[in-house]
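Protein chains in written order, with the working numbering: chain A, 38 to 466; chain B, 38 to 466.
We put the CB at the ideal spot given by N, CA and C, even for glycine.
Only a predicted model underlies this, so the values are computations on that prediction, with no experimental measurement involved.
These notes are about the structure you will find just below.
Protein chains: 2
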Amino acid sequence: MDIATRVYNHKWKIDPIVRSLIDTDFYKLLMCQSVFRNRPDTHVRFSLINRTTSIPLADLIDEGELREQLDHIRSLRLSRGESTWLRGNTFYGKRQMFRSDFMEWFEGLRLPPYHLERRGDQYELTFEGLWHEVMLWEIPALAVLMELRSRAVINDMRRFELQILYARAMTRVWEKIEKLRAIDGLGIADFGTRRRHSFLWQDWCAQAMIEGLGPAFTGTSNCLIAMRREVEAIGTNAHELPMVYSALAESDEALAQAPYDVMSDWHEEHDGNLRIILPDTYGTKGFLDRAPDWLAGWTGIRIDSGDPAKAAQIALDWWRARGEDPLEKRIIFSDGLDVDSIAALHRQFAGQAMISFGWGTLLTNDFRDLVPGNGLAPFSLVCKAVAANGRPTVKLSDNPEKAMGPAGEIARYKRVFQVGDQEKIDVVV
Amino acid sequence: MDIATRVYNHKWKIDPIVRSLIDTDFYKLLMCQSVFRNRPDTHVRFSLINRTTSIPLADLIDEGELREQLDHIRSLRLSRGESTWLRGNTFYGKRQMFRSDFMEWFEGLRLPPYHLERRGDQYELTFEGLWHEVMLWEIPALAVLMELRSRAVINDMRRFELQILYARAMTRVWEKIEKLRAIDGLGIADFGTRRRHSFLWQDWCAQAMIEGLGPAFTGTSNCLIAMRREVEAIGTNAHELPMVYSALAESDEALAQAPYDVMSDWHEEHDGNLRIILPDTYGTKGFLDRAPDWLAGWTGIRIDSGDPAKAAQIALDWWRARGEDPLEKRIIFSDGLDVDSIAALHRQFAGQAMISFGWGTLLTNDFRDLVPGNGLAPFSLVCKAVAANGRPTVKLSDNPEKAMGPAGEIARYKRVFQVGDQEKIDVVV
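Okay, here's the thing in structure tokens:
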């Protein structure tokens with residue numbers, strides 16, 4: 038190693054986990070631009086929620102280290118090269134996906150303050166402010182907590198134990214890729230930024246997918262990795278749009294309409310493969326049954342909770358009922374996938390529609406059973422909009438284990454969206 | 038990477054496999070010093086023998102590349118630091134193991150010419166000259182051929198396939214080490230220089246043994262690695278001593294005596310843990326039965342062919358018959374070992390004598406079944422003294438599959454050494 042590099046490395050007070058504002062999911066930037074235009078005055082609160090309460094994050098992770106990492110993220114600004122890439126690159130076949138007014142704002146952005154407090158063996162981490170600013174905290178906050186937890190577990194390991202740990206993890210990922218390679222006509226993207234083992238590990242996994250799958254690897258949700266590895270940035274929209282729109286609704290009638298308002302705003306901004314319905318925020322079945330006909334003209338649907346095969350069947354039936362040909366539609370599976378479920382879903386649906394997969398945590402963080410006590414197993418950490426303009430948000434999804442919001446509001450939403458009994462499914466990641 | 042390092046690396050015409058005259062087995066240097074003193078005028082021919090004829094070395098390895106590697110070895114001289122280490126280090130508890138006259142000669146040494154010719158799909162590689170010069174070709178010649186074969190197979194592999202190959206090989210070695218760690222009172226050394234996958238790989242394996250086994254790892258036969266990793270250099274003597282002494286014998290009586298002459302010369306030079314009998318050159322049983330009593334006073338025995346449990350039992354019985362207490366004796370197993378046989382032999386003999394293991398090819402070259410076609414599996418390549426002062430050498434060992442020499446001479450040796458029927462055992466490595 039040359040002296041200059043060593044001296045440069047000595048200048049870091051910490052080893053930063055997130056080193057770029059575009060080390061985030063592509064859909065956050067698409068949604069951010071949409072919010073920046075359509076709801077620029079909305080105030081929100083985002084909050085970190087550890088669904089796996091058996092993992093005592095506040096015992097594992099030093100508060101000072103966590104603050105240093107979060108402070109470092111607040112010091113980040115979009116670099117010139119990153120801005121050039123966002124302005125000049127083609128996304129989903131389209132040049133200038135990001136408008137000039139948005140880019141000018143983004144170039145000046147620093148993330149807003151955070152609020153961190155220890156509560157028992159967990160951290161309470163919240164972000165408040167303008168929606169389009171606060172929303173960009175979600176992915177880096179999750180990535181920092183996931184990686185600090187990895188570091189805490191790995192800290193005691195010796196050099197060769199570490200080598201073997203990564204040798205085993207690499208072998209595991211590669212064997213998964215070899216299985217995926219056998220699936221004819223596969224299309225799969227990396228959706229694993231938020232709950233990755235570490236940045237370097239996600240970057241390695243993406244490179245392994247590039248080399249192992251070739252064109253079957255359609256890209257990564259991570260903008261920084263997409264830029265560096267010269268692959269497609271992948272993603273469309275997420276639950277936070279209907280959740281915040283719904284929280285802002287002034288009446289039950291407006292609430293019932295809110296999820297379609299989201300789609301309507303999106304419809305104006307995007308076409309083609311970016312017109313992907315995320316139907317499960319308040320129950321897939323009801324959402325589709327009550328959807329306006331123009332929504333059946335959209336390109337596809339993303340299945341993100343509940344039994345994925347049942348949800349896919351609901352979508353196929355819905356398209357057929359609306360006179361659409363499912364063979365021209367795309368179904369994107371993105372919930373808790375691993376190779377076996379990917380293979381099974383592909384087998385079941387490949388002949389009925391265009392199928393793609395967004396593979397997340399079990400691509401970029403499958404360290405299950407690799408250390409004693411299983412201390413590196415992934416767990417269910419999320420960072421969600423919990424309030425908008427002072428009102429609580431609600432998410433139901435197709436799995437009551439993923440529902441969130443105050444009980445009274447959940448009951449109201451279930452009534453408004455006519456959600457009946459739901460099947461409980463364990464949330465692993 | 039800094040520019041100077043890159044420029045420096047560009048200067049290499051080839052990527053040399055053997056970069057030091059002490060990248061060799063310690064016992065070669067001990068034997069070399071002995072020959073330098075006791076038989077300085079002996080002329081020998083060493084020859085490469087590929088016992089695994091199914092591997093077409095001449096098809097796999099380019100002759101030009103092989104010549105470049107061998108030429109590079111001929112350009113090597115003992116470095117100042119290497120000389121300092123050999124002169125100043127403690128070996129087997131003894132300072133100045135290497136005498137000044139030997140070191141002065143070694144400091145001026147360059148290896149003698151080689152003779153290389155293609156014969157069908159194999160190479161004929163021979164070395165002729167003074168014994169103490171030619172003998173130092175054995176280990177580097179083997180290491181070069183083994184590593185060029187590895188490189189030939191690996192050459193077509195892509196970057197991630199290579200990463201996974203080494204990830205799997207590392208995991209395999211580490212899992213072996215974890216099994217060895219469970220053996221109470223184990224003492225084991227690396228004997229894997231000659232048939233290693235590559236130099237870097239042997240160096241990694243040695244470091245893994247250091248970290249994984251602690252004091253149960255007693256050292257390595259490789260002098261360069263012993264020096265760099267600051268562990269013991271391990272080894273005593275080999276078959277070439279009795280083979281050459283025997284070839285030089287002028288009569289059957291002198292032949293019958295020759296293996297004991299070797300021991301007698303060694304007895305004068307060494308004591309303690311260096312007094313290790315290698316009894317199998319012409320049959321273990323007969324050698325021990327006819328041995329002089331002073332040999333029973335030696336510290337131990339090395340088992341290098343045949344059924345190791347049977348040979349160990351023969352040694353135990355022999356010591357008891359000679360009034361020696363086997364609990365004060367050392368048995369060193371060194372033939373074709375892997376973790377299961379090491380565990381079994383330890384279990385069987387640990388209570389009856391001091392036990393150690395010299396673990397060779399299946400430590401430093403267990404790439405079995407890691408590439409399609411099993412093209413990286415280790416194989417049985419040796420480099421032996423085949424003639425001394427114009428007379429052929431003979432080796433019988435305790436396994437007729439390892440016998441070598443002209444048929445007539447083999448018959449004569451079997452008669453002189455009263456070797457009866459022998460059990461055939463497949464030679465894997």
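Residue nearest to residue i in terms of C-alpha spacing, selected from the options
| i | options | result |
| --- | --- | --- |
| residue 203 (chain A) | A:182, A:223, A:251 and A:241 | A:241 |
| residue 63 (chain B) | B:231, B:86 and B:199 | B:231 |
| residue 112 (chain B) | B:355, B:149, B:408 and B:100 | B:149 |
| residue 248 (chain B) | B:221, B:215 and B:409 | B:215 |
| residue 259 (chain A) | A:339, A:459, A:391 and A:65 | A:65 |
| residue 310 (chain A) | A:282, A:322 and A:273 | A:273 |
| residue 229 (chain B) | B:257, B:207 and B:208 | B:257 |
| residue 326 (chain A) | A:319, A:355 and A:152 | A:355 |
| residue 23 (chain A) | A:227, A:444 and A:420 | Outside the displayed span of chain A (38 to 466) sits residue 23 (chain A), for which this structure offers no information. |
| residue 290 (chain B) | B:453, B:61 and B:55 | B:453 |
| residue 54 (chain B) | B:125, B:109, B:139 and B:407 | B:109 |
| residue 162 (chain A) | A:266, A:181 and A:140 | A:181 |
| residue 318 (chain A) | A:195, A:437 and A:184 | A:437 |
| residue 151 (chain B) | B:78, B:177 and B:296 | B:177 |
| residue 371 (chain B) | B:156, B:348, B:427 and B:395 | B:395 |
| residue 307 (chain B) | B:283, B:268, B:440 and B:332 | B:332 |
| residue 77 (chain B) | B:172, B:378, B:199 and B:234 | B:172 |
| residue 133 (chain A) | A:382, A:124 and A:141 | A:124 |
| residue 378 (chain B) | B:459, B:393 and B:322 | B:393 |
Within chain B, the residues that residue i reaches when beta carbons sit closer than 7 Å
| i | result |
| --- | --- |
| residue 525 (chain A) | Any property of residue 525 (chain A) remains undetermined from this structure, which presents chain A solely from 38 to 466. |
Cβ separation of residue i and residue j, assumed to be a contact under 8 Å, to the nearest whole Å
| i | j | result |
| --- | --- | --- |
| residue 351 (chain B) | residue 336 (chain B) | Actually they do not touch by this definition, with Cβ atoms about 17 Å apart. |
| residue 175 (chain A) | residue 83 (chain A) | 6 Å |
| residue 95 (chain A) | residue 158 (chain A) | 5 Å |
| residue 144 (chain B) | residue 59 (chain B) | Contact doesn't hold; Cβ gap of about 12 Å is too wide. |
| residue 218 (chain B) | residue 250 (chain B) | 6 Å |
| residue 243 (chain B) | residue 225 (chain B) | Incorrect: roughly 12 Å between the Cβ atoms, too far for contact. |
| residue 464 (chain A) | residue 86 (chain A) | Incorrect: roughly 11 Å between the Cβ atoms, too far for contact. |
| residue 189 (chain B) | residue 98 (chain B) | 6 Å |
| residue 353 (chain B) | residue 389 (chain B) | 6 Å |
| residue 72 (chain A) | residue 424 (chain A) | 15 Å between Cβ atoms; not a contact. |
Chain B residues whose Cβ lies nearer than 8 Å to that of residue i
| i | result |
| --- | --- |
| residue 196 (chain A) | 248 |
Listed by chain order, chain A residues near residue i by CB distance under 8 Å
| i | result |
| --- | --- |
| residue 284 (chain B) | The contacting residues do not exist; residue 284 (chain B) stays about 46 Å from chain A at best. |
Interface partners of residue i on chain B, CB under 9 Å
| i | result |
| --- | --- |
| residue 174 (chain A) | In chain order: nothing, as chain B lies at least about 34 Å away. |
Residue burial classification, residue i (beta-carbon count within 10 angstroms, cutoff 16)
| i | result |
| --- | --- |
| residue 303 (chain A) | buried |
| residue 239 (chain A) | buried |
| residue 221 (chain A) | exposed |
| residue 106 (chain B) | buried |
| residue 357 (chain B) | exposed |
| residue 276 (chain A) | buried |
| residue 131 (chain A) | exposed |
| residue 170 (chain B) | buried |
| residue 451 (chain A) | buried |
| residue 330 (chain A) | exposed |
| residue 91 (chain B) | exposed |
| residue 156 (chain A) | exposed |
| residue 439 (chain B) | buried |
| residue 40 (chain B) | exposed |
| residue 199 (chain A) | exposed |
| residue 147 (chain A) | exposed |
Within chain A, partners of residue i - CB distance below 9 Å
| i | result |
| --- | --- |
| residue 243 (chain B) | Those within 9 Å of residue 243 (chain B) in chain A number zero; the least Cβ separation is about 11 Å. |
Chain-ordered neighbours of residue i on chain A, where CB pairs are closer than 7 Å
| i | result |
| --- | --- |
| residue 238 (chain B) | The contacting residues do not exist; residue 238 (chain B) stays about 13 Å from chain A at best. |
*Report the residues of the segment 209-234 of chain B with a CB closer than 8 Å to any CB of chain A, ordered along the chain.*
Answer set for the segment 209-234 of chain B: 211.
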